[in-house]
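In full-length UniProt numbering, the protein residues as written are 1 to 342.
In what follows, a structure is listed as structure tokens, so that the remarks can point back to it.
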Amino acid sequence: MSLARSALPRLSSAWTPGRLGSVTADLGPRPHEWTSRARVHGGSRPPLSRVSLVSTVHKAPTSDLPSVHPPIVVLHGLFGSKQNWRSLSRALTGQTFVDVHALDLRNHGESPQDSQMDYTVMAEDVAGYLEEQGIGRAFILGHSMGAKVAMTLALHPDAEVARRVQGLVAVDMAPRRAPLSLDFQTYLRAMQRINEARPHKSSQADALLSPDVPDVGVRQFLLTNCKRSAPTEPYTFRLPLAYLEKALPNLSDFPPSHSPHPPVYHGPSLFVRGSRSSYLGDEDTLGIQTYFPKAVFSTLDAGHWVHAEKPTEFLEAVSTFYNDVTSALPSTLDGVAVRTLV
Numbered sequence: 001m002s003l004a005r006s007a008l009p010r011l012s013s014a015w016t017p018g019r020l021g022s023v024t025a026d027l028g029p030r031p032h033e034w035t036s037r038a039r040v041h042g043g044s045r046p047p048l049s050r051v052s053l054v055s056t057v058h059k060a061p062t063s064d065l066p067s068v069h070p071p072i073v074v075l076h077g078l079f080g081s082k083q084n085w086r087s088l089s090r091a092l093t094g095q096t097f098v099d100v101h102a103l104d105l106r107n108h109g110e111s112p113q114d115s116q117m118d119y120t121v122m123a124e125d126v127a128g129y130l131e132e133q134g135i136g137r138a139f140i141l142g143h144s145m146g147a148k149v150a151m152t153l154a155l156h157p158d159a160e161v162a163r164r165v166q167g168l169v170a171v172d173m174a175p176r177r178a179p180l181s182l183d184f185q186t187y188l189r190a191m192q193r194i195n196e197a198r199p200h201k202s203s204q205a206d207a208l209l210s211p212d213v214p215d216v217g218v219r220q221f222l223l224t225n226c227k228r229s230a231p232t233e234p235y236t237f238r239l240p241l242a243y244l245e246k247a248l249p250n251l252s253d254f255p256p257s258h259s260p261h262p263p264v265y266h267g268p269s270l271f272v273r274g275s276r277s278s279y280l281g282d283e284d285t286l287g288i289q290t291y292f293p294k295a296v297f298s299t300l301d302a303g304h305w306v307h308a309e310k311p312t313e314f315l316e317a318v319s320t321f322y323n324d325v326t327s328a329l330p331s332t333l334d335g336v337a338v339r340t341l342v
């Protein structure tokens with residue numbers, strides 16, 4: 001199924017001008033290979049240790065023949081989970097007719113918790129998931145932190161791993177190192193206070209969060225992680241707050257930028273940004289095209305949570321991009337693998 005191009009928010013090889021905050025790109029060559037020297041706050045990197053990620057697989061509509069086109073794998077942002085993407089994942093299956101795998105990244109949702117957390121090891125987790133599920137090729141869609149995980153996977157130094165990325169959708173995040181907003185530190189401390197207060201009503205948790213997080217939408221998003229194990233138990237955040245706080249410096253990094261020769265992903269790439277977000281600016285175009293020379297761009301009238309603020313337009317942009325790319329793939333079964341565009 002293909003959506004009409006007229007319904008698609010503008011796709012182009014350059015950004016639509018928008019009111020974006022000034023962000024300085026850091027694209028210079030780095031003295032170390034990122035695979036061995038990715039930054040770890042407070043010391044050198046321990047050996048990589050994958051965790052098995054938990055997912056929800058939204059099945060494609062039933063058809064007479066199995067699809068030869070690659071599934072879509074969705075990676076959420078910081079403090080998010082696969083649950084936040086449930087509605088959009090279901091909608092994507094209807095527009096693309098392929099399975100959509102919504103994942104919980106490490107230290108989020110139902111996936112294992114681990115003190116080691118940076119983009120290199122999170123990309124390894126996703127690579128491990130693809131192997132476990134027998135997925136030879138996939139479209140990887142990531143928002144914010146998830147977008148950096150997706151980009152790190154696409155630029156993986158092991159060609160066999162990188163080739164698993166049939167296509168890339170990066171939502172409101174640039175491929176560069178940039179300090180995280182201080183808001184994330186504020187959110188972590190506010191969540192810790194709720195854990196200490198141990199409220200027995202969700203309304204009490206919301207009230208405790210309100211002074212530090214005045215935005216209702218952000219509060220509701222954070223509170224999706226606030227659960228109780230039984231009706232008589234207090235509400236607490238199920239996130240490993242200490243691990244996440246320690247990981248914040250790592251989450252401002254972009255491991256491929258440490259390579260003296262920037263790696264390149266030659267597959268199809270879509271970068272979607274919010275015109276009212278400061279995470280992705282006009283000045284990031286050159287950096288994106290350095291790593292992703294086949295990138296196309298779409299700007300929606302939204303903030304950082306593009307997919308939540310403009311779900312219909314976002315769905316149109318992603319599904320049209322997917323369908324346009326996969327229309328070049330074989331329409332009948334041809335062995336296990338499909339033809340790669342990289």
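Virtual Cβ for every residue (Gly too), placed ideally from N, Cα, C.
7 Å Cβ shell around residue i - same chain, five flanking residues per side excluded
i, result
"Ser-6", "No answer about Ser-6 holds up, because its pLDDT of 32 lies below 50 and its placement is not dependable."
"Ser-111", "Val-51, Leu-53, Val-54, Asp-104, Leu-105"
"Thr-186", "Asp-212"
"Ala-60", "Ser-67, Thr-93, Phe-97, Val-98, Asp-99"
"Ser-89", "His-58, Val-74, Val-100, Ala-102"
Contacting residues, own chain, Cβ-Cβ under 8 Å from residue i (five flanking each side not counted)
i, result
"Ala-247", "His-41, Asn-107, Met-117, Asp-118"
"Ala-138", "Pro-70, Pro-71, Ile-72, Val-73, His-101, Leu-130, Arg-164, Val-165, Gln-166"
Under 8 Å between C-beta atoms of residue i and residue j
i, j, result
"Ile-140", "Leu-75", "yes"
"Ala-102", "His-58", "yes"
"Phe-79", "Asn-225", "yes"
"Leu-92", "Ser-319", "yes"
"Arg-198", "Asp-253", "no"
"Pro-179", "Ile-288", "no"
"Leu-241", "Leu-182", "no"
"Gly-77", "Gly-128", "no"
"Ser-144", "His-261", "no"
"Tyr-265", "Ala-154", "yes"
"Gly-109", "Gln-133", "no"
"Arg-219", "Leu-208", "no"
Contact set for residue i: own chain, Cβ-Cβ below 6 Å, skip 5 residues either direction
i, result
"Ala-48", "At residue 48 the sequence reads Leu, which differs from the Ala that was named. Val-121, Glu-124."
"Val-325", "Gly-167, Pro-268"
"Leu-223", "none"
Anticipated Cβ contact below 8 Å, residue i with residue j, distance rounded
i, j, result
"Val-306", "Val-171", "6 Å"
"Tyr-291", "Thr-96", "Going by Cβ atoms, the distance from Tyr-291 to Thr-96 rounds to 25 Å, so no, they are not a contact pair."
"Ala-205", "Tyr-243", "Wrong, their Cβ atoms sit about 21 Å apart, outside the cutoff."
"Thr-152", "Pro-255", "6 Å"
Opening and closing residue of the beta strand (DSSP E) in which residue i lies
i, result
"Asp-284", "From DSSP, Asp-284 is part of no beta strand (DSSP E); its letter is neither H nor E."
"Asp-104", "100 to 104"
"Ser-298", "295 to 300"
"Ile-194", "Looking at the DSSP string, Ile-194 is not in any beta strand (DSSP E); the run it does join, the alpha helix (DSSP H), is 183 to 197."
The alpha helix (DSSP H) enclosing residue i, as first and last residue numbers
i, result
"Val-121", "119 to 132"
"Val-272", "Note, Val-272: premise wrong, no alpha helix (DSSP H); beta strand (DSSP E) at 269 to 274."
"Phe-139", "Counting along the chain, Phe-139 falls outside any alpha helix (DSSP H), though it belongs to the beta strand (DSSP E) covering 138 to 143."
Min CB distance residue i to chain B below 8 Å
i, result
"Ser-229", "The structure shown contains no chain B; it holds only a single protein chain."
Please confirm if the region 259 to 274 is in contact with the region 168 to 185, defined as three or more CB-CB distances below 8 Å between the two stretches. yes
Stretch pair the region 281 to 297 + the region 181 to 195: three plus CB contacts closer than 8 Å: no
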